[in-house]
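Worksheet: the structure to be examined is printed underneath.
Number of protein chains: 2
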Amino acid sequence: MARWPTDTRARLQAAATELYAEQGYDRTTIAAIVRRAGLTERTFYRHFGDKREVLFANEGALTQRLEEAVAAQPDGATMREAIDAGVGAVVEALQPRRDELVRREPIVASQPELQERERMKLATWTTALSGALVARGEDEATSVLAAEVAIAVLRVAAGRWLAGSAEGELAVVLRDVGEELRALV
Amino acid sequence: MARWPTDTRARLQAAATELYAEQGYDRTTIAAIVRRAGLTERTFYRHFGDKREVLFANEGALTQRLEEAVAAQPDGATMREAIDAGVGAVVEALQPRRDELVRREPIVASQPELQERERMKLATWTTALSGALVARGEDEATSVLAAEVAIAVLRVAAGRWLAGSAEGELAVVLRDVGEELRALV
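Going down the list, the protein sequences come from chains D and E. When we follow the working numbering, the leftmost residue of the first sequence carries the number 143, and every step to the right adds one. When we follow the working numbering, the leftmost residue of the second sequence carries the number 143, and every step to the right adds one.
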């Protein structure tokens, strides 16, 4: 297990993802995850509430990056620039995790409860983005719409990027999907 | 209880929604729901898998309406026309249910598990819409993007319509939100 992360949290995530992929999410117990990681259940519960949360462990940090990036835009920035900065911060964090995310994708797709949780993660980003826009003085109704569509575009772009159906880095795929949306509406 | 629907399924839904609103979703048991409705638990389980499903009971029928409306468009219809027909069928079904949906909204908002389920319902519509577009011969990647954005717009419009922050019927609010999106992108 030398190839494994030394960080306890990442080690549990790696063990869980491996087992979910090998034997299915449903059939994987927390006991099996800690056995594979060479750790104890007590340690598991210090990091995660349940076996589902292991797959959503980076969500809080990503949401915070998004909010901070929007807030960090200068006063004169347009709403569009603020959105690009927020979504861009998420994209930058996802880019180096592509291999892990490609492995994670079919696991999430295999279980309705994980799909629901995944959609909720995106909803959290949408709420965070619209909240950060409103905090900049943007109109609330417009912010909600803009955030909803921006995260929908991110979702589509990430889907293409992970499926390998679109070439290039996530940032490039995202820009292309944005162009496509403009052409559509 | 003469004011209550005579249809068993609708009666269980009315009883559940009342109790969820009165005493909270968490504190409402299936035993309490059937007591309020004057029915048995056995009857409850003939209609719903659990107390969450009561709030999502019309979803399958709506998804089917959406798919059928898209499929029913003539061969020469544009993708835009097909989407408008599909979303329009959902809008038409939601319009007369406004009072019920206004009562339902804070219940769903009160529980993360219900918010997740609600997002999943919208995801189901997105998948149904893109699938119906692909079945008409539209490009898959474009269909996924168009469906994702169309349902995001529907979600925003329904939110404004239920909050009373936008005047008029849902169809009118939806058209306005669509115009706003065009101006945004």
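Every residue, glycine too, gets a C-beta built ideally from N, C-alpha and C.
{"Query": "Cβ of Glu258(E) within 8 Å of any chain D Cβ", "Result": "yes"}
{"Query": "For Thr266(D), three-class secondary structure by DSSP", "Result": "helix"}
{"Query": "Residue-chain proximity (Leu154(D), chain E), Cβ-Cβ < 8 Å", "Result": "no"}
{"Query": "Contact with chain D by Ser307(E), beta-carbon distance below 8 Å", "Result": "yes"}
{"Query": "Reduced DSSP secondary structure (H/G/I, E/B, other) of Leu312(D)", "Result": "helix"}
{"Query": "Chain E within 8 Å of Thr284(D), Cβ atoms only", "Result": "yes"}
{"Query": "N- and C-terminal bounds of the alpha helix (DSSP H) containing Pro248(E)", "Result": "Arg240 to Ser252"}
{"Query": "Contacting positions in the segment 183–201 of chain E - beta carbon closer than 7 Å to chain D", "Result": "none"}
{"Query": "Proximity of Ser272(D) and Val286(D) at Cβ, strictly below 8 Å", "Result": "yes"}
{"Query": "CB contact below 8 Å: Val327(D) versus chain E", "Result": "yes"}
{"Query": "Residue from Glu242(D), Gln237(D) and Val298(D) with nearest C-alpha to Ala289(E)", "Result": "Val298(D)"}
{"Query": "7 Å Cβ cut-off: residues of chain D touching Glu290(E)", "Result": "Ala294, Arg297 and Val298"}
{"Query": "8 Å Cβ cutoff, Ala144(E) in contact with chain D", "Result": "Low per-residue confidence applies at Ala144(E): pLDDT is 48, beneath 50, and the placement is therefore not dependable enough to give any value."}
{"Query": "Which of helix, strand or coil DSSP assigns to Met143(E)", "Result": "Reliability fails at Met143(E), whose pLDDT of 45 lies under 50, so the model's placement of it is uncertain and the value that follows must be treated cautiously. DSSP places Met143(E) in coil when its eight states are reduced to three."}
{"Query": "Segment contact, 8 Å Cβ cut-off, at least three pairs: the segment 203–210 of chain E with the segment 232–243 of chain E", "Result": "yes"}
{"Query": "Cross-chain neighbours of Leu236(E) in chain D, by beta carbon under 8 Å", "Result": "Simply none; closest approach about 18 Å."}
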